[in-house]
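Participant: If you scroll down you'll find the structure; I have some questions about it.
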Ligand code: FES
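Numbering (the numbering used here), first residue to last: 6 to 634.
Shown next as structure tokens:
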């Protein structure tokens, strides 16, 4: 095999000089030359280290050439100066990742590429340039590629590193970049629950993007990591989807397309419905009309797939708000299969017996078009609907909704009141219930909360049927509040501390032990009624979820609870807003603590990102464990 490499005395293995950019564009490099030693020394020792500019390089003499690479293995930081070189391949001795010594390219993709530094031989001395760095855009592009690789191969450590890398490259726009790149991957694959489209991972990703302004700065990257790794896990092993195309002849009116879409969903003909939706999108139909079309089909049947269809619809809308409605064709068709194949709650016995809830709803729904105002009309509605919704009579509940509409309440107002009624089921959920019933209460709440979000964007008489369906869910869930846990407002809380720091510390301790459900709600209520800053409390609640092995429902509860809190604050409903955070805390206390294994990978990535020594501390810990006391 001929060795076309230059003799070492003549070469300048600089990525800057030979135009082979490993670390970025040559014009971006601020030169920081560092002398390593004489060439004879490097040759004799085989490997030396040199430092400067906050970096340490491992400098190898191998097969007649000098190479310089970053001394921290990109996998978990092992000193590469302790690695071995053979046939131009550098092997890290900790987990045996292999790298092309010349370019730093990894042969084991889970490790990632290692930085290489330009080398120059000058007057018999070896010099390296530790100033070599990527431009911001080059750095971001590298991490974006790494994020794509991590998603493709479901590599948690890579995903965590990419999130941190992108955030440090471009703090102002990285969250959107991360969500957009991850969504692009998730949307083209199916998911475990829905092989043809939108999956739970995308819901978590969107929820964590929505949560960004409410989280402590130090938790924002962790939240995005949870979203990204959920997408990767959800899509693992799924094949890329082949998209259908729009109809070739584009003559149908939007109302005809809307009619067709609902008809095809009705008969579970998902491909036909998909094609109709794509036709509407390709025609440039506006976002409100697209949401209206999907919202109408979603409420053509009751509580489809429990809350999942409505949850997904809301999240697709929110994702498009984040990444841009020009990507409708990528996002919206992913809901079609779920919508078409979903269960229909009215087929269940519980909706027909012992009371015919469907009959009650249908009788009222026939008059909805006459009373629902899709605008922001508030008329003379006094907002009093809660006792109807939480009562024991489904007819009274439905009448309450219809009266609110007749009194001039907007759909958004009534949907928000419904969402509040449904979160109260969680705020009053007694721990004597079966544990699995928390999920029932949560599904009801997320259905109502998602409906409220969609209703604000694209109100319609069809969507208003969803409010009637939701009212029956709140009615049915009354057994989850028997006996109802007393709301903290009805308890004596003055024995609790008043200091906000102490209250938050006590709350945090509730999440460290099992069963502190009522105490957590009481602490939250006391904190808020004493006038302490709710944003600090929400950051604490966010951290309490993110540090756990949180599941789909935990993320939903946090995000939907906080968003309803925000909506109620904006509406001037202070006392109601408190109950939202009470419910969030109670849910979390019921589901904590977990093993907290999920964040371990993120913590390693964070330490590597900060330049902390992982290998050294692991070795020290092992040594300490082996030292006889
Ligand atoms: S392979 Fe180098 S630290 Fe793991």
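Ideal placement from N, C-alpha and C gives every residue a C-beta, glycine not left out.
Being a predicted model, the structure only gives us computed values, none of them experimental.
Alpha carbon to alpha carbon, how far is residue 271 from residue 466? Give it in angstroms, no decimals.
Facilitator: Numbered from its first residue, the chain shown carries residue 466 at position 461. Numbered from its first residue, the chain shown carries residue 271 at position 266. Cα-Cα distance, rounded: 18 Å.
Participant: Is the number of C-beta pairs between the region 433 to 440 and the region 291 to 300 that are closer than 8 Å three or more?
Facilitator: Verdict: no, contact absent.
Participant: Evaluate the contact criterion for the region 98 to 117 versus the region 190 to 205: three or more CB pairs, one atom per stretch, below 8 Å.
Facilitator: Not touching, per the Cβ criterion.
Participant: Quick check: residue 547 and residue 224, are their CB atoms within less than 7 Å of each other?
Facilitator: What you label residue 547 is simply residue 542 of the chain shown in a count that begins at 1. What you label residue 224 is simply residue 219 of the chain shown in a count that begins at 1. Yes, they are a contact pair.
Participant: Should the region 585 to 604 be called in touch with the region 544 to 561, which here means at least 3 C-beta pairs below 8 Å?
Facilitator: As far as the Cβ criterion goes, the region 585 to 604 touches the region 544 to 561, which means the pair count is three or higher.
Participant: DSSP state of residue 336, grouped into three classes?
Facilitator: Translated into the one-based positions of the chain shown, residue 336 becomes position 331. Residue state, collapsed to three classes: helix.
Participant: Please go through the same chain and pick out, in chain order, the residues whose beta-carbon is closer than 8 Å to the beta-carbon of residue 4, but skip the five residues on each side of it.
Facilitator: Because the chain spans 6 through 634 in this model, residue 4 falls outside it and cannot be assessed.
Participant: Where residue 516 and residue 593 are concerned, what is the direct C-alpha to C-alpha distance, given to the nearest angstrom?
Facilitator: Along the chain shown, read from residue 1 onward, the residue named residue 516 stands at position 511. Along the chain shown, read from residue 1 onward, the residue named residue 593 stands at position 588. If I take the Cα positions, the gap works out to 7 Å.
Participant: Would you grab the beta carbon distance between residue 131 and residue 230 for me? Rounded to a whole angstrom, and I think it's under 8 Å.
Facilitator: Within the chain shown, residue 131 is the residue found at index 126, counting from 1. Within the chain shown, residue 230 is the residue found at index 225, counting from 1. Not quite, the Cβ-Cβ distance comes to about 40 Å (not below 8 Å), so this is no contact.
Participant: Hey, how far is the Cα of residue 613 from the Cα of residue 619?
Facilitator: Counted from its first residue, the chain shown places residue 613 at position 608. Counted from its first residue, the chain shown places residue 619 at position 614. Answer to the nearest angstrom: the Cα atoms are 7 Å apart.
Participant: In or out: residue 479 buried (at least 16 other Cβ within 10 Å) or exposed?
Facilitator: For the purposes of this step, residue 479 is taken as residue 474 along the chain shown, with counting starting at 1. It is buried - the Cβ of residue 479 has at least 16 other Cβ atoms within 10 Å.
Participant: If you scan the region 125 to 176 from start to end, which runs of the alpha helix (DSSP H) of 4 or more residues do you find wholly inside it?
Facilitator: If we require 4 residues or more, the alpha helix (DSSP H) runs fully inside the region 125 to 176 come out as 141 to 158 and 161 to 174.
Participant: Please name the residue in 147, 579, 63 and 42 whose C-alpha comes closest to that of residue 90.
Facilitator: Numbered from its first residue, the chain shown carries residue 90 at position 85. Answer by Cα proximity: 63.
Participant: Who are the Cβ neighbours of residue 460 in its own chain at under 6 Å, not counting the five residues just before and after it?
Facilitator: Position 455 of the chain shown, counted from the first residue, corresponds to residue 460. Taken in chain order, the residues that qualify are 416, 417, 420 and 468.
Participant: What did DSSP end up calling residue 530 once you bin it into helix, strand or coil?
Facilitator: Locating residue 530 in the chain shown gives position 525, counting from the first residue. DSSP places residue 530 in helix when its eight states are reduced to three.
Participant: For my contact list, residue 591 and residue 513 are in at a C-beta cut-off of 8 Å; report their separation, rounded to the angstrom.
Facilitator: By 1-based counting over the chain shown, the position of residue 591 is 586. By 1-based counting over the chain shown, the position of residue 513 is 508. Going by Cβ atoms, the distance from residue 591 to residue 513 rounds to 15 Å, so no, they are not a contact pair.
Participant: How is the beta strand (DSSP E) around residue 94 delimited, first residue to last?
Facilitator: Numbered from 1 along the chain shown, position 89 holds the residue referred to as residue 94. It spans 94 to 96 - the beta strand (DSSP E) in which residue 94 sits, taken as one unbroken run.
Participant: Quick one, which of 615, 65, 170 and 57 has its alpha-carbon nearest residue 44's?
Facilitator: Along the chain shown, one-based indexing puts residue 44 at 39. Ranking the options by Cα distance to residue 44, first place goes to 65.
Participant: Terminal residues of the continuous beta strand (DSSP E) containing residue 308?
Facilitator: Numbered from its first residue, the chain shown carries residue 308 at position 303. That residue, residue 308, is in no beta strand (DSSP E); it is neither H nor E in DSSP.
Participant: On a CA-only basis, which of 46, 409 and 184 is nearest residue 373? Give me that one, please.
Facilitator: The sequence position of residue 373 within the chain shown is 368, counting from 1. Of the candidates 46, 409 and 184, the one whose C-alpha sits nearest the C-alpha of residue 373 is 409.
Participant: Mind the definition here: the region 603 to 617 touches the region 535 to 543 only if three or more C-beta pairs lie below 8 Å; say whether that holds.
Facilitator: Too few Cβ pairs lie closer than 8 Å, so no.
Participant: Report all residues for which the CB-ligand distance to some heavy atom of the ligand FES is below 7 Å; order them along the chain.
Facilitator: For the ligand FES, the selected residues are 78, 80, 81, 82, 83, 97, 99, 100, 101, 102, 116 and 620.
Participant: Quick check on DSSP: helix, strand or coil for residue 13?
Facilitator: As a working mapping, residue 13 is identified with position 8 in the chain shown. Summary for residue 13: the model assigns pLDDT 37, below 50, so the residue's position carries little reliability; its value from the coordinates is reported in the next sentence. Reduced to three states, the DSSP call for residue 13 is coil.
Participant: If you drop the 5 nearest sequence neighbours on each side, which residues of the same chain put their C-beta closer than 6 Å to that of residue 217?
Facilitator: Position 212 of the chain shown, counted from the start, is the residue given in the question as residue 217. If we look at residue 217 and ignore the five residues flanking it on each side, its Cβ neighbours are 180 and 225.
Participant: Any idea which residues DSSP pairs residue 54 with across the strands?
Facilitator: In the chain shown, the residue the question calls residue 54 occupies position 49. Looking at the DSSP assignment, residue 54 forms a beta bridge with 63.
Participant: Please classify residue 100: is it buried, with 16 or more other beta-carbons within 10 angstroms of its beta-carbon, or exposed?
Facilitator: On the chain shown, residue 100 is found 95 positions in, with the first residue counted as 1. Exposed.
Participant: From what residue to what residue does the alpha helix (DSSP H) around residue 608 run?
Facilitator: One-based indexing of the chain shown puts residue 608 at position 603. 603 to 614 is the span of the alpha helix (DSSP H), which, as asked, contains residue 608.
Participant: Among the candidates 158, 157 and 149, whose CA atom is the shortest distance from the CA of residue 184?
Facilitator: Numbered from 1 along the chain shown, position 179 holds the residue referred to as residue 184. Residue 149 is the option with its Cα nearest to residue 184.
Participant: The beta strand (DSSP E) that contains residue 578, what's its start and end?
Facilitator: Counting from 1 along the chain shown, the entry for residue 578 is found at position 573. Run containing residue 578: none; DSSP gives neither H nor E here.
Participant: Please list, in chain order, all residues of the same chain as residue 609 whose beta carbon is under 8 Å from its beta carbon, the five residues on each side excluded.
Facilitator: The count along the chain shown starts at 1 and reaches residue 609 at position 604. Same-chain partners within the cutoff: 81, 162, 165 and 619.
Participant: Enumerate in chain order the residues of its own chain whose CB-to-CB distance from residue 68 is below 7 Å, with the five nearest sequence positions on each side excluded.
Facilitator: Along the chain shown, read from residue 1 onward, the residue named residue 68 stands at position 63. The answer, listed in chain order, is 93.
Participant: Between which two residues does the beta strand (DSSP E) carrying residue 105 extend?
Facilitator: What you label residue 105 is simply residue 100 of the chain shown in a count that begins at 1. Where residue 105 is concerned, the enclosing beta strand (DSSP E) stretches over 103 to 105.
Participant: Roughly how many whole angstroms lie between the Cα atoms of residue 367 and residue 375?
Facilitator: Taking the first residue of the chain shown as 1, we reach residue 367 at position 362. Taking the first residue of the chain shown as 1, we reach residue 375 at position 370. Whole-angstrom Cα-Cα distance: 14 Å.
Participant: Got a sec? Which residues, its chain only, sit under 6 Å from residue 423 by beta carbon, not counting five neighbours each side?
Facilitator: As a first step, residue 423 is located in the chain shown; it is residue number 418 there, counting from the start. Only 453, 472 and 475 meet the Cβ criterion.
Participant: I need the boundaries of the beta strand (DSSP E) containing residue 405, first residue and last residue.
Facilitator: For this step, residue 405 is matched to residue 400 along the chain shown. Unbroken run through residue 405 is the alpha helix (DSSP H), 399 to 411; no beta strand (DSSP E).
Participant: So the candidates are 449, 414 and 412; which of them puts its Cα closest to the Cα of residue 430?
Facilitator: Within the chain shown, the letter at position 425 stands for residue 430. The shortest C-alpha separation from residue 430 is found at 449.
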